[in-house]
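Under the working numbering, the first residue of the sequence shown is numbered 76, with each subsequent residue one higher.
Cβ coordinates follow ideal geometry from the N, Cα and C atoms, glycine included.
Taking it in order: structure first as C-alpha cells, then the write-up.
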Amino acid sequence: TIFNIPFSQYARTDISFVHYNYIDEKTIFAYKLYGGIGVPYGNAEALPYEKSFFGGGANNLRAWQLRALGPGHSVSSSSNRYDRAGDIMLGANFEYRFPIVSFIEGAAFWDLGNIWTLKEEKGLEGGQFKFDEFYKEIASGIGLGVRLNIKVLIVRFDFSAKVYDPSKDMDSRFVLDNTKLSDIVLQFGIGYPF
Numbered sequence: 076t077i078f079n080i081p082f083s084q085y086a087r088t089d090i091s092f093v094h095y096n097y098i099d100e101k102t103i104f105a106y107k108l109y110g111g112i113g114v115p116y117g118n119a120e121a122l123p124y125e126k127s128f129f130g131g132g133a134n135n136l137r138a139w140q141l142r143a144l145g146p147g148h149s150v151s152s153s154s155n156r157y158d159r160a161g162d163i164m165l166g167a168n169f170e171y172r173f174p175i176v177s178f179i180e181g182a183a184f185w186d187l188g189n190i191w192t193l194k195e196e197k198g199l200e201g202g203q204f205k206f207d208e209f210y211k212e213i214a215s216g217i218g219l220g221v222r223l224n225i226k227v228l229i230v231r232f233d234f235s236a237k238v239y240d241p242s243k244d245m246d247s248r249f250v251l252d253n254t255k256l257s258d259i260v261l262q263f264g265i266g267y268p269f
C-alpha cells in the first residue's frame, strides 16, 4: 500500500510493427503486426482494467464493436458484455489505401487477431490462452473504408463484416456467407487506424 491505499502490481508490454509499401504517391499497402502480454503479480489478481487488452473497435478488429471480441472463443452475454478484457493480445491488419477523387480516399482491409486471458475466468469460459488452440481462435474481418483527407484532419468511415468468428461453434465459425446487411459494422475514426 501507499498511504494505506492498495496498489496493483503487474508487468505489461506490447509491441507493434508497421510498414508502408508505396505503390505511388497516394496508393499505399500498409500493414501492422502487434502483440502484447500483461502479468499481474504480488498483491494483484488481475491487470487493472485500463491496462488490459481489448478486441474490436475502430483501430483494431473493425468487424466487432469496441470490447465485443474475445477473449478466446468465449461467448458474450448480457452480464459480461463490457468486461471482455484480456491479458494477451495478438493481431494483424492489412490495408490497401487508394485515392478516389479530390480529398476522398478509399481503403480495402483485412483484420485478424484476438485477446486471451492467462487463466480461466468465470463468465469468460474459453478465454484462456492455450498454445494448442489459440490459432483456432484468431478472429477475422474484411471491409471497405472511405476517408475524407482534408490535410489537417482525416475523418474515417470503415464498413466491415466478420469472416471468422471464434465465439461460434467450431463448425460454424466461417460466417461471411451468412452475412446480412444488418451485420455490417460501421466504425468511425479520426486519423488512419495505423
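For ALA236, the closest alpha carbon among the candidates ASN168, ALA86 and LEU219 is that of LEU219.
Comparing C-alpha distances from PHE232 to each of ARG137, PHE104 and TYR171 shows the shortest one belongs to ARG137. Taking the Cα positions, ASP89 is about 25 angstroms away from PRO81. LEU144 is classed as buried because its beta carbon has at least 16 other beta carbons within 10 Å across all chains shown. Rounded to whole angstroms, the gap between the alpha carbons of GLU120 and LYS197 is 13 angstroms. DSSP, reduced to helix, strand and coil, places GLU212 within a helical segment of the structure shown. Looking at ILE163, SER242, LEU141 and GLN203, the one whose alpha-carbon comes closest to that of PHE263 is LEU141. 9 angstroms or more divides the Cβ of VAL227 from the Cβ of ILE175.
Between the alpha carbons of LEU223 and LEU261 lies a gap of roughly 15 angstroms. Selection TYR171, GLU180 and ASP158 evaluated against ILE190 yields ASP158 as nearest (Cα-Cα). Under the DSSP definition of a beta bridge, HIS94 partners with TYR106. When secondary structure is reduced to three states using DSSP, ASN168 falls in the strand class. In this structure the region 167-183 touches the region 99-114; the number of beta carbon pairs closer than 8 angstroms is three or more. The beta-carbon separation of GLY161 and SER127, rounded to 6 angstroms, stays under the 8 angstroms limit for a contact. DSSP, read as helix, strand or coil, puts GLU180 in strand. Taken through DSSP and simplified to helix, strand or coil, ASP252 comes out as helix.
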